[in-house]
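Undergrad: Supplied in structure tokens, the structure appears directly below.
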């Protein structure tokens with residue numbers, strides 16, 4: 001395959017699972033279980049990823065060049081098991097920002113139709 | 001961390017789950033697996049451990065989620081891999097050896113297709129298995145919660161209960177007195193701490209109307225013994241339990257939830273127990289249920305360090321010191337009994353007295369004490385029962401498989417001719433049966449989830465720890481293992497028969513089917529086994545049924561029909577405040593209701609007694625020698641009209657009259673037939689007796705019929721009936737049971753009776769009204785529960801066995817049509833042919849019956865403790881069950897036999 005830089009907008013809209021995974025990696029690299037935990041905590045328990053869903057998404061995102069592997073190392077000092085860490089690529093960062101912007105525009109639209117309270121009005 | 005965290009068992013559970021998960025990961029395509037399987041297993045382990053911290057229920061939920069996640073995404077990845085593969089087809093067809101999972105998937109797919117082709121067969125097999133697995137899993141959930149799972153306290157095996165026994169005094173089980181506690185606290189080295197507990201009921205006033213609640217007075221050591229600290233506030237401290245100390249209480253979580261809606265500001269609130277203002281200082285964590293599920297609060301108990309030896313009734317709960325075994329603790333306690341005379345101090349208690357009383361002490365593990373031998377036996381019997389049923393179900397399905405094998409010989413032959421190895425063929429069959437097993441297991445878990453709820457709702461109230469029963473991770477793992485094992489068992493059993501011998505034989509037309517005879521032998525063996533198991537189950541059901549009948553035929557000594565009872569809780573303080581006047585006003589009000597015939601009151605109902613006490617007594621005319629054992633009787637307090645209302649016959653003397661209950665000083669007492677017989681050679685009238693340390697000599701004014709106070713299956717014990725104005729200190733007058741004899745259905749009157757009591761005593765808690773028949777039924781609940789499970793299992797297994805028998809004999813007849821036709825053509829009468837087939841079928845069933853009888857006799861001892869008034873080898877029951885099975889199998893055989901005798905010789909020969 002020839003490495004061609006894809007258009008971030010071509011990947012939108014993202015599925016909620018993918019969006020959450022990307023968001024969880026914005027702060028830095030994480031291993032798989034850390035992503036699961038972060039997503040569950042950030043969504044208030046609403047989004048719970050099973051290992052199958054998580055790694056299925058990771059596989060596709062690796063193929064799309066949104067994520068990249070950041071090497072293997074133990075999660076805590078003194079632990080035997082090495083965990084594989086993942087981080088966003090530059091493209092990944094663009095994609096997640098583009099999705100956030102897209103959602104923001106949708107929220108604006110909803111506000112304009114008085115579906116939501118305006119910020120500061122409450 | 002409560003309970004010391006998930007612990008070793010928890011880690012093992014997670015490790016087992018991870019192993020299963022790793023195996024299941026093979027459902028993903030190879031490429032995906034090689035990249036992510038290790039990572040996924042790690043994530044699974046981390047997530048499982050985190051879930052376990054929040055409890056096993058949470059773990060079960062997480063695993064269920066992961067399983068669904070795996071199933072859905074594995075399919076997705078496989079589809080994706082195939083699409084990718086279709087774009088770049090491999091140069092060589094998949095090398096099977098390199099991807100065993102691919103082969104397995106193919107086998108599974110093949111198995112699924114085979115099952116889908118015959119949905120009736122698949123549904124019948126899955127349903128049969130589902131019933132068997134569901135029953136087994138449901139009962140296992142109960143056994144797991146009640147018998148296997150440890151008590152929810154740290155190092156629960158160190159918790160023991162101290163008890164005493166004095167059979168010579170007619171007191172087989174005594175708990176502890178201040179004296180025995182002093183003895184052990186001073187001298188015993190086996191215990192790190194000893195707590196004293198006294199379960200009671202109190203009227204709790206916190207809201208608008210007082211309620212009757214269970215509480216426990218506990219010595220502050222309880223928190224050290226159980227090693228559980230409050231979730232909120234503080235524990236009870238030694239200062240709380242001093243005479244004149246602060247009035248404080250620690251609520252249980254259940255009490256906090258039910259009575260105070262989990263109010264966060266509960267600490268410091270003042271409520272009233274029996275009218276005594278009490279400050280709430282703490283709340284125990286969720287799951288703490290000691291001494292019972294119903295306990296609402298723990299109140300401080302002061303044990304007088306100089307208290308008497310002779311007043312028993314305190315529960316002694318201790319924790320073994322580190323390294324001390326139950327046996328060595330029991331030895332030490334037994335040795336300490338020799339020091340009782342020096343502890344007792346008061347007169348008459350010397351070594352000779354103890355010996356004549358048959359005095360002994362025992363140390364029992366708390367778990368055994370909570371559960372009790374009878375419950376454990378009943379549960380194991382029920383689990384064995386459903387286990388048998390599962391075996392029968394497996395045998396049935398194995399038989400279905402054998403029948404199919406006949407039909408599939410040709411398919412097998414073709415596949416083997418095309419190059420399939422025997423291993424591949426076997427894998428195909430096994431994957432088919434394991435799929436069926438898993439389908440049955442899934443159905444079974446659903447049934448079990450429903451069943452567990454029904455069991456918890458319908459289970460006998462005496463079943464301890466019932467609230468802990470649930471389908472948790474352990475139970476799910478058990479179900480999974482059971483399903484796979486069942487699948488392998490019924491799939492593997494017929495396997496050697498399928499695959500032995502030249503498979504290609506199957507391609508030949510005609511009858512040269514050499515394997516057929518062997519397969520018939522195996523099928524017949526399975527049928528005989530089913531009949532044997534059915535007979536064992538039915539024999540058990542029959543024995544329990546007869547016990548139940550005997551139990552119902554026992555004369556309780558009173559007439560429960562048409563009697564309504566209602567508990568009136570006046571509380572400890574009010575109970576002694578003019579009971580005569582109070583109950584007279586209540587009974588007058590109730591007696592005026594239409595439909596009410598007579599009214600009475602007692603502090604202890606027959607059959608399910610609470611608040612009944614025993615006491616030694618003196619007989620005026622027979623002074624006792626200095627060190628002779630005093631006679632001991634049980635006593636209840638009853639009001640006027642009690643004997644008439646309950647239908648307890650007066651044998652001698654005069655009935656109770658209202659004036660007997662009035663006045664400061666009680667003068668009369670009524671006694672039971674066995675009291676008069678055992679202590680006065682039947683001439684009791686006019687004798688005067690004095691109970692315990694009472695001031696009053698009471699004259700026996702009447703003798704009434706014996707009543708089964710302690711349950712229909714319990715021995716009769718001598719009873720004395722005291723009047724409401726009794727001054728005996730031992731008696732508990734806090735709860736009165738109103739008994740009302742009515743003209744029609746007693747429950748119809750329940751609301752108006754309750755309303756009438758409320759008019760007299762608006763602030764007094766009432767318990768729900770019950771009929772005496774309900775009370776009697778409740779006392780038999782454990783027997784009827786075990787019996788119903790056995791009867792259902794026995795009936796289902798009989799049906800499965802009969803269907804199998806019918807199928808086998810019918811098949812034999814079809815196979816032999818030609819031979820039978822020939823016989824008829826050669827002049828055999830239809831009767832002879834019928835006889836021949838019948839003989840063959842019945843021989844099979846009789847073999848099963850014989851094995852079953854032997855098994856039933858061998859297992860009969862298991863049931864012994866559950867039976868009443870009947871031997872576990874009761875010949876009549878065994879004969880009846882045998883007859884039933886023989887008759888039923890005769891019917892199952894007769895139908896094909898009749899078909900055989902109707903064979904037309906011409907048709908039979910033409911089929912060739």
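Protein chains in written order, with my numbering: chain A, 1 to 122; chain B, 1 to 912.
Idealized CB from N, CA, C, for every residue including glycine.
1. What does residue 81 of chain A touch in chain B if you count any residue whose Cβ is under 8 Å from its own?
2. Using the C-alpha atoms, what's the distance from residue 376 of chain B back to residue 19 of chain B?
3. Using DSSP with H/G/I as helix, E/B as strand and the rest coil, what is residue 562 of chain B?
4. Could you check if residue 9 of chain A is buried or exposed, using at least 16 other CB atoms within 10 Å of its CB as the buried criterion?
5. Just confirm the distance between the C-beta atoms of residue 701 of chain B and residue 566 of chain B, as a whole number of angstroms; I'd bet it's less than 8 Å.
6. Let's test the definition: count the other Cβ atoms within 10 Å of the Cβ of residue 45 of chain A and tell me whether it reaches 16, buried, or not, exposed.
7. Can you tell me which of the three DSSP states residue 900 of chain B falls into?
8. Put residue 198 of chain B into one of helix, strand or coil per three-state DSSP.
9. Cβ atoms of residue 132 of chain B and residue 538 of chain B: under 7 Å apart, would you say?
10. Can the beta-carbon of residue 229 of chain B be found less than 7 Å from the beta-carbon of residue 215 of chain B?
11. Hey, is residue 88 of chain B's beta-carbon within less than 7 Å of any beta-carbon in chain A?
12. In chain order, what are the residue ranges of uninterrupted alpha helix (DSSP H) at least 4 long that sit wholly in the segment 20 to 98 of chain A?
13. Quick one: grab the DSSP three-state call for residue 577 of chain B.
14. For residue 363 of chain B, which residues in the same chain have their Cβ closer than 7 Å to its Cβ, ignoring the five residues on either side in sequence?
15. In terms of alpha-carbon separation, which member of B:815, B:556, B:872, B:789 lies closest to residue 385 of chain B?
16. Would you say residue 30 of chain A and residue 40 of chain A are within 7 Å of each other, going by their C-beta atoms?
17. Going by DSSP in three states, residue 814 of chain B sits in which element: helix, strand or coil?
18. On the DSSP bridge assignment, give the partners of residue 568 of chain B in chain order.
19. At a Cβ threshold of 7 Å, is residue 53 of chain B touching chain A?
20. Could you give the distance in angstroms between the alpha-carbon of residue 115 of chain A and the alpha-carbon of residue 438 of chain B?
21. Please name the residue in B:712, B:736, B:293, B:742 whose C-alpha comes closest to that of residue 645 of chain B.
22. Hey, quick one: how far does the beta strand (DSSP E) through residue 164 of chain B stretch, first residue to last?
23. Tell me the start and end of each unbroken beta strand (DSSP E) in the segment 583 to 664 of chain B that is at least 3 residues and wholly inside, in chain order.
24. Assign residue 360 of chain B to one of three DSSP states: helix, strand, or coil.
25. Alpha carbons only, please: which of B:243, B:218, B:226, B:225 is nearest the one belonging to residue 236 of chain B?
26. Which chain B residues are close to residue 33 of chain A, counting only those with a beta carbon under 8 Å from its beta carbon?
27. Under the three-state reduction of DSSP, which class applies to residue 243 of chain B: helix, strand or coil?
28. From residue 899 of chain B to residue 403 of chain B, what distance separates their C-alpha atoms?
29. Listing by chain order, which chain B residues have their CB less than 7 Å from the CB of residue 53 of chain A?
30. Can you list the residues of chain E that residue 113 of chain A reaches, using a CB-CB cut of under 7 Å?
31. So which of A:24, A:109, A:43, A:86 has the shortest CA-CA distance to residue 69 of chain A?
32. Near residue 311 of chain B, what residues of its chain come up, given a Cβ to Cβ distance below 6 Å and the 5 sequence neighbours on each side ignored?
33. Give the range of the beta strand (DSSP E) segment to which residue 751 of chain B is assigned.
34. Note down, in chain order, each residue of its chain lying with its Cβ closer than 6 Å to the Cβ of residue 110 of chain A, except the 5 sequence neighbours on either side.
35. Return the first residue and the last residue of the beta strand (DSSP E) that residue 670 of chain B is part of.
36. Compare the Cα-Cα distances from residue 255 of chain B to each of B:55, B:879, B:283, B:859 and report the closest residue.
TA: Looking at the atomic coordinates:
1. Counting from 1 along the first chain, the entry for residue 81 of chain A is found at position 81. Per Cβ cutoff of 8 Å: 42.
2. Translated into the one-based positions of the second chain, residue 19 of chain B becomes position 19. Translated into the one-based positions of the second chain, residue 376 of chain B becomes position 376. The alpha-carbon atoms of residue 19 of chain B and residue 376 of chain B are separated by roughly 32 Å.
3. For the purposes of this step, residue 562 of chain B is taken as the residue at position 562 of the second chain. Residue 562 of chain B: coil per DSSP, three-state reduction.
4. Locating residue 9 of chain A in the first chain gives position 9, where the first residue counts as 1. Exposed is the call here.
5. As a position in the second chain, residue 701 of chain B is number 701, starting the count at 1. As a position in the second chain, residue 566 of chain B is number 566, starting the count at 1. In fact, because the Cβ distance is near 28 Å, the residues do not count as touching under 8 Å.
6. Sequence index remark: in the first chain, residue 45 of chain A carries index 45 (1-based). Exposed, because fewer than 16 other Cβ atoms sit within 10 Å of the Cβ of residue 45 of chain A.
7. The residue you call residue 900 of chain B lines up with position 900 of the second chain. DSSP places residue 900 of chain B in helix when its eight states are reduced to three.
8. Counted from its first residue, the second chain places residue 198 of chain B at position 198. If DSSP states are grouped into helix, strand and coil, residue 198 of chain B belongs with the strands.
9. Working through the second chain from its first residue, we reach residue 538 of chain B at position 538. Working through the second chain from its first residue, we reach residue 132 of chain B at position 132. Against a cut-off of 7 Å, the Cβ pair of residue 132 of chain B and residue 538 of chain B comes out as no contact.
10. Residue mapping note: residue 229 of chain B aligns to position 229 of the second chain, counting from 1. Residue mapping note: residue 215 of chain B aligns to position 215 of the second chain, counting from 1. No, Cβ-Cβ distance for residue 229 of chain B and residue 215 of chain B is not below 7 Å.
11. One-based indexing of the second chain puts residue 88 of chain B at position 88. Caution applies to residue 88 of chain B, whose pLDDT of 47 falls short of 50 and renders its modelled position unreliable; the value that the coordinates give is listed next. Not closer than 7 Å to any Cβ of chain A, the Cβ of residue 88 of chain B fails to qualify, so no.
12. 32 to 42, 51 to 64
13. Working through the second chain from its first residue, we reach residue 577 of chain B at position 577. It is coil, neither helix nor strand.
14. Indexing the second chain from 1 puts residue 363 of chain B at position 363. Cβ within range, chain order: 160, 162, 326, 329, 330, 333.
15. Position 385 of the second chain, counted from the first residue, corresponds to residue 385 of chain B. Comparing Cα-Cα distances from residue 385 of chain B to each of B:815, B:556, B:872, B:789, the minimum goes to B:789.
16. Walking along the first chain from the start, residue 30 of chain A turns up at place 30. Walking along the first chain from the start, residue 40 of chain A turns up at place 40. No, the Cβ-Cβ distance between residue 30 of chain A and residue 40 of chain A is not below 7 Å.
17. As a working note, residue 814 of chain B is residue 814 in the second chain. Note: residue 814 of chain B maps to helix in three-state DSSP.
18. The count along the second chain starts at 1 and reaches residue 568 of chain B at position 568. Answer is B:736, B:766.
19. Position 53 of the second chain holds residue 53 of chain B. Chain A, which has no Cβ nearer than 7 Å to the Cβ of residue 53 of chain B, makes this no.
20. On the first chain, residue 115 of chain A is found 115 positions in, with the first residue counted as 1. On the second chain, residue 438 of chain B is found 438 positions in, with the first residue counted as 1. Cα-Cα distance, rounded: 49 Å.
21. By one-based count along the second chain, residue 645 of chain B stands at place 645. Closest option to residue 645 of chain B, Cα to Cα, is B:742.
22. The sequence position of residue 164 of chain B within the second chain is 164, counting from 1. Residue 164 of chain B -> beta strand (DSSP E) spans 159 to 166.
23. 596 to 602, 613 to 619, 632 to 637, 650 to 653
24. Start at 1 with the first residue of the second chain, and residue 360 of chain B comes out as number 360. In the structure shown, residue 360 of chain B sits in a strand (DSSP, three-state: E or B).
25. To locate residue 236 of chain B, count along the second chain from 1; it is residue 236. Checking every option, the nearest Cα to that of residue 236 of chain B belongs to B:218.
26. Position 33 of the first chain, counted from the first residue, corresponds to residue 33 of chain A. The answer, in chain order, is 42, 43, 46, 47.
27. Sequence index remark: in the second chain, residue 243 of chain B carries index 243 (1-based). Residue 243 of chain B: coil per DSSP, three-state reduction.
28. For the purposes of this step, residue 899 of chain B is taken as residue 899 along the second chain, with counting starting at 1. For the purposes of this step, residue 403 of chain B is taken as residue 403 along the second chain, with counting starting at 1. Whole-angstrom Cα-Cα distance: 20 Å.
29. Looking up residue 53 of chain A in the first chain gives position 53. The answer, in chain order, is 69, 73.
30. Of the chains in the structure shown, none is chain E; the protein chains are A and B.
31. As a working mapping, residue 69 of chain A is identified with position 69 in the first chain. Closest by alpha carbon: A:86.
32. Stepping through the second chain from its first residue, residue 311 of chain B is reached at position 311. Taken in chain order, the residues that qualify are 177.
33. Taking the second chain and counting its residues from 1, the one referred to as residue 751 of chain B is at position 751. From DSSP, residue 751 of chain B is part of no beta strand (DSSP E) but of the alpha helix (DSSP H) over 746 to 760.
34. Within the first chain, residue 110 of chain A is the residue found at index 110, counting from 1. So the qualifying residues of the chain are 116.
35. As a working mapping, residue 670 of chain B is identified with position 670 in the second chain. Per DSSP, residue 670 of chain B belongs to the beta strand (DSSP E) from 668 to 672.
36. On the second chain, position 255 is the one that residue 255 of chain B refers to. That would be B:283, whose Cα lies nearest to the Cα of residue 255 of chain B.
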